[in-house]
Structure formats: structure tokens, C-alpha cells
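In what follows, a single structure is set out as C-alpha cells and then discussed.
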Ligand SMILES: NC(=O)c1ccc[n+]([C@@H]2O[C@H](COP(=O)([O-])OP(=O)(O)OC[C@H]3O[C@@H](n4cnc5c(N)ncnc54)[C@H](O)[C@@H]3O)[C@@H](O)[C@H]2O)c1
């Protein structure tokens with residue numbers, strides 16, 4: 001076994017990315033401090049409550065009981081060198097430009113407690129050059145700590161994915177110098193499946209942005225195919241299935257009402273920002289974003305035409321409003337835009353989602369057969385569609401997922 005270089009770990013941000021890391025490191029034997037500025041989140045974690053599908057209540061309670069992990073709203077002021085991992089949100093602002101308020105504030109808090117010879121790792125997704133040009137200078141302008149190492153190890157977690165997790169997904173790592181790289185590899189090799197080191201942080205940052213941009217662009221392409229297929233009256237899914245029989249050079253993507261979550265609609269904006277700073281217009285990214293963002297309106301128009309051109313007063317129920325099945329995250333969910341579109345067109349929209357209690361004052365209601373139309377948007381595995389089936393409700397399956405719920409795919 002490789003000798004461990006640090007004993008303490010502080011994870012800044014206890015969300016979908018930070019919490020699984022904190023728990024895995026605590027299980028591997030690090031003394032872990034899970035720090036978050038949200039007192040509500042920390043209170044919940046202390047009670048074992050989390051919306052991270054990978055983590056169980058028992059795990060949280062046991063690790064706390066054994067003092068392997070401590071959840072706190074105050075960044076700990078340790079006397080010993082530590083690893084400090086940044087896992088805070090990096091959204092886009094209203095102009096779709098990076099909003100680095102939380103990343104900046106995390107750096108300032110870290111600077112206040114940094115001890116000589118510590119290692120700072122960034123896991124938050126950000127523009128190319130963030131570690132070198134923002135994190136390091138911000139911390140160093142405020143801290144007197146000496147010999148600090150800096151590395152980047154972008155997280156690729158797909159919350160709710162039971163096949164690919166932290167233990168079998170390769171981790172890309174780069175340090176600002178050889179020592180930083182060595183320390184980061186030493187840490188992640190304890191619980192990451194495979195380590196892939198790259199020559200400099202900019203490559204790791206770019207790889208993270210590019211892999212999610214690849215998805216965004218391909219989803220936009222298949223959404224455009226769906227628009228063409230609808231106009232020309234052939235099936236998109238059958239076409240993709242046929243194209244996918246080619247054993248090389250093709251990868252299937254499926255149409256949907258758009259992209260959601262904190263990654264696919266957001267990360268390409270960071271790549272476009274990097275490109276713009278370098279004097280290049282990211283045409284593909286901007287176009288893909290335009291196509292995907294237009295989908296709720298496109299789908300509303302298609303539903304209207306399916307209902308003989310009139311949505312006014314129609315009772316429509318949506319099954320699942322989170323951005324993907326089996327998780328509770330509604331950030332950037334295109335279902336929310338579809339609801340708005342349908343309401344503006346005069347429909348009376350209700351929704352059922354076992355993971356969301358209420359959204360903007362509207363509550364989740366049980367699936368009902370008393371509707372003019374049911375829409376399968378995010379088919380969580382626990383949703384039982386039998387009530388719609390038994391009552392022969394008119395249903396459109398708008399989901400990108402490959403399961404067949406008994407109704408033909410609409411997109
Ligand atoms: N969610 C994903 O599937 C996913 C996957 C890979 C990478 N990422 C990236 O990881 C980063 C974190 O995303 P997330 O989904 O975990 O976000 P999240 O919203 O689930 O969690 C982030 C947490 O950070 C806390 N926070 C904000 N500012 C803070 C500060 N200054 N100090 C301490 N805590 C602070 C928030 O209260 C929140 O609890 C983002 O950059 C995201 O792009 C997310």
C-alpha cells in the first residue's frame with residue numbers, strides 16, 4: 001500500500017460532488033471535515049439526511065459516530081497540513097457567463113485557514129486556467145501559508161448512476177508542479193478506480209468541459225433530427241436504432257425536451273467563455289445551446305398540433321419534472337420550461353414527481369386519469385403508470401430513455 005501523505009481532508013461544499021468524496025475518504029481512513037455554508041444542509045447531514053443517491057443515512061450516522069467525519073458550517077482551522085478540496089457550484093449568470101462568486105468566496109475562506117504544505121484541489125467545473133489564474137492567486141493574495149500545492153481533479157459523478165461511480169470512473173488529475181501532482185495522485189488513488197494524469201491543469205479543465213460539451217452538441221443534433229423527422233413523418237427512434245447497427249463510428253443519443261442539471265446546459269458555457277477569451281467564437285456550442293433551449297417551445301407546438309391545435313383549458317399532467325430519472329435535482333430542468341410554455345398557451349398543468357414536493361408553490365399530485373393528456377418527461381423508476389394504462393389515457397412519451405412504457409416515443 002502507498003504511504004499516505006496527509007491525514008486530514010476538508011471538503012468545501014457538501015453537495016452532489018463534495019459529499020460522496022467526503023464519505024469515501026472518511027471510509028478510507030482520512031479524518032474528514034465536510035464544510036458547507038448552508039446551515040440547513042449541515043443540519044440535515046448531521047441527522048443523516050441527504051439527496052445524494054449514492055449515500056445512505058446509516059453511512060452518514062455511523063461515520064459521524066466513529067468521528068471519521070464532521071459536518072460543519074465553519075471551515076476548520078487545523079494546526080496540521082491538510083488536503084482541501086473545492087466542490088462548490090459554478091453556475092452561469094443571466095448573460096450565460098461564468099458566475100464564480102461561490103468559487104471566489106471558497107478561496108477566501110480557504111486562505112483564512114491554510115496551513116504550510118497543504119494541498120488545494122479543485123473539483124468544481126470551471127473555465128480553462130481557473131486553477132492557475134484564479135484559485136492560486138486569490139488564495140495567495142490572502143494567505144501567508146508557505147509551500148502550498150495546487151491540483152485539479154474534475155469530478156465526473158453522474159448522480160443516480162448505479163453502474164459508474166467514483167470507484168470505477170477514471171479520474172483526470174493535473175498539478176501545477178510535480179509535487180502537487182504526486183500528492184493529488186497519492187490521495188485519489190486510494191478510492192478512484194483509475195488515475196489518468198495530464199501534463200497541466202489546463203488540459204484537465206478542458207477535458208471536463210469538452211466531455212460535457214460533446215453530450216450537449218450531440219443531444220442538440222438529435223433534437224434537430226427529431227424536428228426534421230416530425231416534419232417528414234418518420235420515427236427518430238427507429239432511425240437512431242437503425243443507424244446504431246453500424247458497429248463503428250456512431251454513438252446513439254436520443255431526443256428530449258432539452259438538457260438539464262448543473263452540467264450539460266452549464267459547462268459548455270464555460271468552454272465558450274474560454275474560447276471567447278482566446279478570441280475564438282464557439283459557434284457549435286452556441287448553436288447547440290440555442291437548439292436545446294428551444295425544445296420546450298418546439299414540444300409545446302407539437303403537443304398543440306397533436307391536440308388539434310388547441311391547448312386552451314386542456315388538463316395536462318406531467319410525470320417527472322427533475323432533469324433526469326431517480327434524482328431530486330431540478331436545476332435547469334427543461335420540464336420547468338415546458339410547464340411554463342403549456343401554461344402560457346392556456347393549458348391547466350399538474351405534475352407528479354415523487355422526488356419533488358413542491359415547485360414555485362405548486363405541489364406534486366398523484367397520477368390521475370382525469371386528464372386530457374399525460375406526458376412522460378422524467379420516468380422515475382418508482383412511478384407506476386398503470387392508472388393511465390387502465391383508463392386508456394392519451395399519453396405522449398417525451399423521455400430520452402430507452403425503456404418503452406407502453407406508448408410510442410413522441411420525439
Ligand atoms: N452535480 C453533478 O452531477 C456534477 C458532476 C460533476 C461535476 N460537478 C461540478 O461540481 C461542482 C459542485 O456541484 P454540485 O452539484 O455538487 O453542487 P451542489 O449545489 O449540489 O453543492 C454545492 C454545495 O456547495 C455549498 N457552497 C456554496 N458556496 C460555498 C462556500 N463558499 N463554501 C462552502 N460551501 C459552499 C452549497 O451550499 C452547496 O451545498 C460544480 O462546479 C459542478 O459543475 C457537478
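In this note's numbering, the protein residues as written are 1 to 411.
A virtual CB, placed ideally from N, CA and C, is assigned to each residue, including glycine.
Whole-angstrom distance between residue j and residue i, CA atom to CA atom
i	j	result
residue 348	residue 315	5 angstroms
residue 354	residue 383	8 angstroms
residue 141	residue 202	21 angstroms
residue 155	residue 17	7 angstroms
residue 95	residue 332	15 angstroms
residue 225	residue 70	50 angstroms
residue 190	residue 36	24 angstroms
residue 112	residue 59	31 angstroms
residue 187	residue 205	19 angstroms
residue 365	residue 359	12 angstroms
residue 87	residue 391	47 angstroms
residue 178	residue 64	35 angstroms
residue 407	residue 395	7 angstroms
residue 100	residue 272	15 angstroms
residue 228	residue 325	27 angstroms
residue 313	residue 126	44 angstroms
residue 387	residue 62	40 angstroms
residue 409	residue 246	22 angstroms
residue 250	residue 236	15 angstroms
residue 230	residue 278	39 angstroms
residue 168	residue 30	20 angstroms
residue 222	residue 264	15 angstroms
residue 323	residue 334	7 angstroms
residue 289	residue 220	7 angstroms
residue 164	residue 108	34 angstroms
residue 381	residue 55	18 angstroms
Residue range of the unbroken alpha helix (DSSP H) whose run includes residue i
i	result
residue 124	Counting along the chain, residue 124 falls outside any alpha helix (DSSP H), and DSSP gives it neither H nor E.
residue 282	Here residue 282 belongs to no alpha helix (DSSP H), and DSSP marks it neither H nor E.
residue 237	236-243
residue 348	First-last for residue 348: 348-352, but that is the beta strand (DSSP E), not the alpha helix (DSSP H).
residue 90	Here residue 90 belongs to no alpha helix (DSSP H), and DSSP marks it neither H nor E.
residue 42	39-46
residue 213	201-232
residue 185	178-188
residue 139	136-142
residue 23	18-28
residue 339	334-344
residue 62	57-65
residue 387	386-390
Extent of the continuous beta strand (DSSP E) run through residue i
i	result
residue 12	8-12
residue 395	395-397
residue 83	83-86
Cβ neighbours of residue i in the same chain (closer than 6 angstroms, five flanking residues each side left out)
i	result
residue 351	318, 321
residue 240	252
residue 343	349
residue 200	174
residue 209	267, 270, 271
residue 399	376, 379
residue 311	304, 345, 346, 347
Per DSSP, cross-strand counterpart(s) of residue i
i	result
residue 70	33
residue 319	352, 376
residue 150	120
residue 195	171
residue 98	92
residue 409	397
8 angstroms CB neighbourhood of residue i in its chain, flanking five on each side removed
i	result
residue 327	51, 53, 159, 160, 355
residue 181	151, 173, 174, 175, 197
Same chain only: Cβ atoms within 7 angstroms of residue i, ignoring 5 sequence neighbours per side
i	result
residue 405	376, 379, 385, 397
residue 2	186, 189
residue 371	315, 316, 317, 393
residue 41	14
residue 45	14, 34, 60, 71
residue 124	86, 87, 88, 90, 103
residue 73	36, 37, 39, 42
Taking 8 angstroms as the threshold, find out whether the segment 11-28 comes into contact with the segment 127-146 through three or more Cβ pairs. Contact between the segment 11-28 and the segment 127-146 is absent: fewer than 3 CB-CB pairs across the two stretches fall below 8 angstroms.
Count the CB pairs spanning the segment 292-302 and the segment 336-343 that are closer than 8 angstroms, and state whether there are at least three. Touching, yes, given that three or more Cβ pairs across the two stretches are closer than 8 angstroms.
Given 8 angstroms, three or more beta-carbon pairs between the segment 81-96 and the segment 106-117: Touching, per the Cβ criterion.
Within 8 angstroms, do at least three Cβ pairs link the segment 215-231 to the segment 255-266? The segment 255-266, when compared against the segment 215-231, does touch it at the 8 angstroms Cβ threshold.
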